[in-house]
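Visitor:
In this note's numbering, the protein residues as written are 39 to 430.
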């Protein structure tokens with residue numbers, strides 16, 4: 039139960055860490071700070087220590103004895119407290135070092151978002167609340183910064199893809215909704231991944247792999263930077279030996295056809311936000327005019343799965359956003375009156391209530407909204423009141 043009272047009532051980091059020891063059902067990265075100046079993170083949950091293997095493959099069960107040798111001890115679960123860097127950040131990436139003595143997981147996000155966070159935190163000067171708020175809306179794509187130069191070199195080698203390469207050459211790697219660079223990069227990248235994996239894995243297995251982004255993105259990056267891999271050769275063409283350049287050009291031609299069908303022939307108008315959209319859907323009706331009435335969208339959105347301003351889409355359903363921040367929040371512990379926070383919706387779920395969807399515009403634009411805490415601040419900024427009255 040992640041709503042445990044002990045977690046909510048923790049007065050300091052020690053109280054919180056003790057409370058998290060009781061949370062055995064789910065592994066989560068808990069990032070915390072207390073009013074004594076301590077910062078840290080702690081992973082909750084229980085992770086078994088296996089006698090054989092690590093659980094990613096089926097293991098035969100035979101003989102006697104327990105295949106589990108207990109749990110990773112609480113005090114050895116991944117954690118940090120007051121690190122020398124002076125800040126804590128987790129982006130679903132691997133947080134345990136190679137020297138970690140236990141098997142923890144194989145399913146981690148690529149490091150792209152965390153690496154970008156490190157770059158921003160390394161900027162000179164003391165970070166302000168406004169800066170931290172904008173860091174959450176940062177759209178620089180570290181993966182594109184690594185892969186795009188190789189993509190450009192290949193696309194420039196064919197007249198039908200040369201203009202796409204030229205647009206990428208002028209791109210600043212920001213996944214902004216009003217630019218063509220991210221649309222071209224994401225579309226070519228997606229078709230490249232299909233060209234690399236689908237011939238060996240066939241359709242069903244290829245779809246399963248590609249929809250599980252975390253398993254292959256950094257592996258594909260390593261292959262691209264290496265420039266050669268057995269995966270590049272298409273096993274369906276035994277008399278040819280395809281190279282990375284060949285696959286980039288195949289992906290480029292497919293991407294051009296896809297984007298022309300979706301956005302027209304003018305490549306400069308292939309704006310990312312025209313295809314990369316967020317729709318906030320009501321569970322009662324998700325499609326048609328009723329869905330649009332009860333929900334919100336489609337809304338043009340920047341970012342991608344590789345940016346701090348996250349706008350993840352499912353591989354087999356480009357480029358409709360399925361994962362983004364459910365809350366954007368910035369807390370300044372020196373300010374006891376308010377925090378900055380905004381929801382992709384509103385503060386109530388009541389149908390047709392004026393505050394059901396009134397924060398969506400602020401959420402999409404980056405406008406700072408405030409949640410007031412002190413009685414005087416609440417009284418001074420109250421616009422309307424929602425009363426929750428028990429029945430009886």
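We put the beta carbon where it would ideally sit given N, CA and C, even for glycine.
Keep in mind it's a predicted model, so treat the numbers as computed, not measured.
1. How big is the Cα-Cα spacing for residue 289 and residue 424?
2. Leaving aside the five residues before and after residue 211 along the sequence, list all residues of the same chain whose C-beta is less than 6 Å from its C-beta, in chain order.
3. Please go through the same chain and pick out, in chain order, the residues whose beta-carbon is closer than 8 Å to the beta-carbon of residue 362, but skip the five residues on each side of it.
4. Do residue 323 and residue 332 have their CB atoms nearer than 8 Å?
5. So which of 303, 127, 140 has the shortest CA-CA distance to residue 153?
6. Pull up the distance between the alpha-carbon of residue 143 and that of residue 56, whole angstroms please.
7. Report yes if the CB atom of residue 287 is closer than 8 Å to the CB atom of residue 199, and no otherwise.
8. For residue 80, collect the residues of the same chain with a Cβ closer than 6 Å to its Cβ; drop the 5 residues on either side in sequence, then sort them by chain order.
9. Quick one: measure Cβ to Cβ for residue 110 and residue 87, integer angstroms, because I've assumed they're closer than 8 Å.
10. Look up residue 67 in the DSSP assignment and give the residues it is bridged to.
11. Note down the Cα distance separating residue 294 from residue 195, rounded to an integer number of angstroms.
12. Could you pull out every unbroken beta strand (DSSP E) segment of at least 3 residues lying fully inside the segment 89-129, listed in chain order?
13. Ordered along the chain, which non-local residues of its own chain (more than five positions away) have a Cβ less than 8 Å from that of residue 89?
14. Check whether the Cβ atoms of residue 91 and residue 97 sit closer than 8 Å, and answer yes or no.
15. How about residue 294: is its Cβ closer than 7 Å to a heavy atom in the ligand HEM?
16. Nearest CA to the CA of residue 228: which residue from 207, 174, 168, 292?
17. In the DSSP assignment, find the beta strand (DSSP E) that holds residue 305 and state where it starts and stops.
18. Apply the 10 Å Cβ neighbour rule to residue 145 and answer buried if 16 or more other Cβ atoms are within range, or exposed otherwise.
19. Apart from the five residues just before and just after residue 163, which ones in its own chain have a Cβ nearer than 7 Å to its Cβ?
20. Going straight from the alpha carbon of residue 161 to that of residue 376, what length do you get?
21. Buried or exposed: which applies to residue 371, given that a residue is buried once 16 or more other Cβ atoms fall within 10 Å of its Cβ?
22. Grab me the residues of residue 319's own chain with a C-beta within less than 7 Å of its C-beta, minus the 5 sequence neighbours each way, in chain order.
23. Using the Cα positions of residue 6 and residue 169, report the straight-line distance between them to the nearest angstrom.
24. Candidates 150, 62, 70: which alpha carbon is nearest residue 46's?
25. Where does residue 292 fall in DSSP's three states?
26. Using only CA atoms, which one of 155, 149, 115, 185 lies nearest to residue 138?
27. Going by DSSP in three states, residue 407 sits in which element: helix, strand or coil?
28. Which of the three DSSP states, helix, strand or coil, is assigned to residue 330?
29. For residue 397, which option in 388, 379, 413, 412 has the closest C-alpha, if you only look at C-alpha atoms?
30. Residue 361 by DSSP, collapsed to three states: which one?
31. In the DSSP assignment, the alpha helix (DSSP H) including residue 221 goes from what residue to what residue?
32. In this structure, what does DSSP give as the bridge partners for residue 86?
33. In chain order, what are the residue ranges of uninterrupted alpha helix (DSSP H) at least 4 long that sit wholly in the segment 246-277?
34. Using the Cα positions of residue 365 and residue 411, report the straight-line distance between them to the nearest angstrom.
35. According to DSSP, is residue 369 part of a helix, a strand, or is it coil?
36. Helix, strand or coil: which one does DSSP assign to residue 376?
Guide: Let me lay it out:
1. 53 Å
2. 178, 179, 182, 183
3. 316, 339, 341, 348, 349, 350, 382
4. yes
5. 127
6. 23 Å
7. yes
8. 55, 58, 68, 117
9. 6 Å
10. 81
11. 15 Å
12. 106-109, 117-119
13. 103, 104, 105, 106, 107
14. yes
15. In the structure shown, the ligand HEM is absent, as is every other ligand, since no ligand is present at all.
16. 292
17. Neither: residue 305 is in no beta strand (DSSP E) and is coded neither H nor E.
18. exposed
19. none
20. 26 Å
21. exposed
22. 329, 333
23. This structure cannot speak to residue 6, because the chain is shown only from 39 to 430.
24. 70
25. helix
26. 115
27. coil
28. helix
29. 379
30. strand
31. 219-248
32. 109
33. 255-264
34. 18 Å
35. coil
36. strand
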